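In the working numbering, each residue's number is its place in the sequence shown (first place is 1) plus 4. The block underneath contains the structure these notes are about, expressed in structure tokens.
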Amino acid sequence: MLIERFRKWYEHEKSANQKMLDMIDSVPAERRSELGFAKAVDIAAHLALCRENWLNRMDSDGTAVDHWSEENVDFETLRPRYANIERFWTLYLHRLRDEDMEKDFTFTTTEGQPWSLPIEVQLTQLVGHAFYHRGQIVQLVDGLGGDTIDTDYLFWAVSR
5 MLIERFRKWY EHEKSANQKM LDMIDSVPAE RRSELGFAKA VDIAAHLALC
55 RENWLNRMDS DGTAVDHWSE ENVDFETLRP RYANIERFWT LYLHRLRDED
105 MEKDFTFTTT EGQPWSLPIE VQLTQLVGHA FYHRGQIVQL VDGLGGDTID
155 TDYLFWAVSR
């Protein structure tokens, strides 16, 4: 079943999110005032915001979507935020069926334009988007002297 693949990938993403947050948290206190730390936190917040916004577009009316990035995010807000996002996304994916994957959802872009996308297309985009930004965070954390953790799907899948 196609939806089962997305559910499994989201289980990996939840694990990778926790590792990502652990990496950011490993940055030494004396380096947290550096721009790289703020950038890593803001990228993690961007990933959270994208998940929030796309769920709003896909499973609600999308009216609250007005921006895609945040600046100067407090790191301490991210763990509870991710827990909340993951709970709602898990419930949403649990409700989806294979036949829903080809269905379009309609939304208004931040520029006010109407758009339509198949659910499968957006779910695939979100998976790739998360890999991309977690890679950026790994580089930033490494440069700040923090501990990097491998979030590759392969290692997650084999460990199960």
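Using N, Cα and C, we set each Cβ at its ideal position, and we do this for glycine too. Here the structure is a predicted model, which is why all the values come from computation and not from measurement.
Identity of the residue in Val77, Glu56, Lys12 nearest Gly66 by Cα: Glu56
Please classify Thr128: does DSSP put it in a helix, a strand, or coil? helix
Alpha carbon to alpha carbon, how far is Asp70 from Tyr96? Give it in angstroms, no decimals. Distance between the alpha carbons of Tyr96 and Asp70 is about 22 Å.
Please say whether Phe41 and Ile28 have beta carbons closer to each other than 9 Å? yes
Taking the alpha helix (DSSP H) that Leu121 belongs to, which residues open and close that run? Following the DSSP letters along the chain, one finds Leu121 in no alpha helix (DSSP H) but inside the beta strand (DSSP E) bounded by residues 118-122.
For Leu130, which option in Arg35, Trp93, Thr112 has the closest C-alpha, if you only look at C-alpha atoms? With distances taken between Cα atoms, Leu130 lies closest to Trp93.
Would DSSP call Thr67 helix, strand or coil? In the three-state reduction of the DSSP assignment, Thr67 falls in the coil class, being assigned neither a helical nor a strand state.
So Arg108 is in the beta strand (DSSP E); what residue range does that whole segment cover? Sequence check: residue 108 is Asp here, not Arg. 108-112 is the span of the beta strand (DSSP E), which, as asked, contains Asp108.
Among Glu106, Arg36, Leu53, which residue has its Cα nearest to the Cα of Val125? Here the closest residue by C-alpha is Glu106.
What span of residues does the alpha helix (DSSP H) with Trp160 cover, start to end? 157-163
When you compare each of Leu158, Arg138, Met5, Tyr14 to Glu90 by their alpha carbons, which one comes out closest? Tyr14
Are Asp154 and Ile7 touching if we call contact CB-CB under 9 Å? no
Looking at Met24 and Ile141, is the spacing between their C-beta atoms short of 9 Å? yes
Helix, strand or coil: which one does DSSP assign to Met24? helix
Using a 10 Å radius around the Cβ and a threshold of 16 neighbouring Cβ atoms, would you call Lys49 buried or exposed? Going by the sequence as given, residue 49 is Ala instead of Lys. Under the 10 Å beta carbon count, Ala49 is surrounded by 16 or more other beta carbons and is classified as buried.
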